[in-house]
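Shown next, in structure tokens, is the structure this report addresses.
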Amino acid sequence: MNEPLVITTPCRQCGFIHNCYCATIPAINSDLMVTLLTHPNELSRSTNTGKIVKRLLPCTHIEPWERKAPPPEYMTSGKTPVLVFPSPSSIPLAEWQQQHPEPSHFIVLDATWQEAKKMLNRSQWLQTLPQVCIEAAEASQYQLRRNQQSGNLCTFEVVTQLVHEVESKNTAQDMRVFFGDYLQRYQAERCGHAR
Numbered sequence: 000m001n002e003p004l005v006i007t008t009p010c011r012q013c014g015f016i017h018n019c020y021c022a023t024i025p026a027i028n029s030d031l032m033v034t035l036l037t038h039p040n041e042l043s044r045s046t047n048t049g050k051i052v053k054r055l056l057p058c059t060h061i062e063p064w065e066r067k068a069p070p071p072e073y074m075t076s077g078k079t080p081v082l083v084f085p086s087p088s089s090i091p092l093a094e095w096q097q098q099h100p101e102p103s104h105f106i107v108l109d110a111t112w113q114e115a116k117k118m119l120n121r122s123q124w125l126q127t128l129p130q131v132c133i134e135a136a137e138a139s140q141y142q143l144r145r146n147q148q149s150g151n152l153c154t155f156e157v158v159t160q161l162v163h164e165v166e167s168k169n170t171a172q173d174m175r176v177f178f179g180d181y182l183q184r185y186q187a188e189r190c191g192h193a194r
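The numbering of the sequence shown is numbering that gives the first Met the number 0, which starts it at 0 and goes up by one.
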């Protein structure tokens with residue numbers, strides 16, 4: 000006896016067929032201004048976590064990286080742009096906030112770590128920005144890509160840590176719980192079954 004063919008369609012919002020996560024997205028109230036400067040290769044990766052940040056945080060902008068030109072919000076936000084990137088010239092975010100109590104416009108490089116380093120090295124305008132580093136509250140949960148180095152965070156985790164340090168530890172915890180659930184759903188979806 001043949002099994003009936005089951006045709007399922009992906010969710011219009013998240014694209015998942017078996018493990019839609021839309022109903023699990025926490026209601027988050029945040030004024031944190033973040034621009035995800037996205038490498039062209041990242042736009043087509045199913046493992047990209049920047050698109051999830053955009054669904055959770057309303058003040059997030061996703062902009063394609065251009066080597067010679069900053070994104071429009073960078074010029075018009077009225078907030079001091081700050082690059083979130085660990086480098087010898089970056090200072091801890093807490094120190095930055097003590098020196099600059101006004102709200103900042105955080106720029107996060109949405110790419111693999113290798114691509115992010117190239118983005119910074121190839122963009123003179125990025126190199127002129129003040130740079131801050133964050134201190135991860137916990138180890139990365141992200142295991143969707145190979146060759147992850149210890150201590151590195153994915154884009155979603157970087158923004159979650161920004162929320163933790165700048166706005167609300169409780170909101171950041173809600174984001175971490177959601178992300179853990181999302182990762183389980185993603186793995187099940189990739190295997191073609193419900194979790």
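C-beta: ideal position from N, C-alpha, C; glycine also.
Task: residue 88 to residue 20 span [Cα, whole Å] - done: 38 Å
- [ ] Just mark residue 25 as buried or exposed, buried being the case when its beta carbon has 16 or more other beta carbons within 10 Å.
- [x] exposed
Open item on the list: Output needed for residue 124: all residues of its chain with C-beta closer than 6 Å, excluding positions within five of it in sequence on either side, in chain order.
Closed with: 69
Open item on the list: I'd like to know if the region 126-136 and the region 25-38 are in contact, where contact means that at least 3 CB-CB pairs between them fall below 8 Å.
Closed with: no
Task: Identity of the residue in 189, 65, 59, 188 nearest residue 158 by Cα - done: 59
TODO: List the endpoints of the continuous alpha helix (DSSP H) containing residue 163.
DONE: 154-165
- [ ] Output the distance between the C-alpha atoms of residue 193 and residue 17, rounded to the nearest integer angstrom.
- [x] 5 Å
Open item on the list: Is it the case that the region 104-117 contacts the region 33-46, given that we only count it when at least three CB pairs across the two stretches are under 8 Å?
Closed with: yes
- [ ] Going by CA-CA distance only, name the one from 121, 129, 71 that's closest to residue 98.
- [x] 129
Task: Outcome for residue 144 when other beta-carbon atoms lying within 10 angstroms are tallied against a minimum of 16 - done: Per-residue confidence for residue 144 stands at a pLDDT of 48, beneath the threshold of 50, marking its modelled position as unreliable; no derived number is given.
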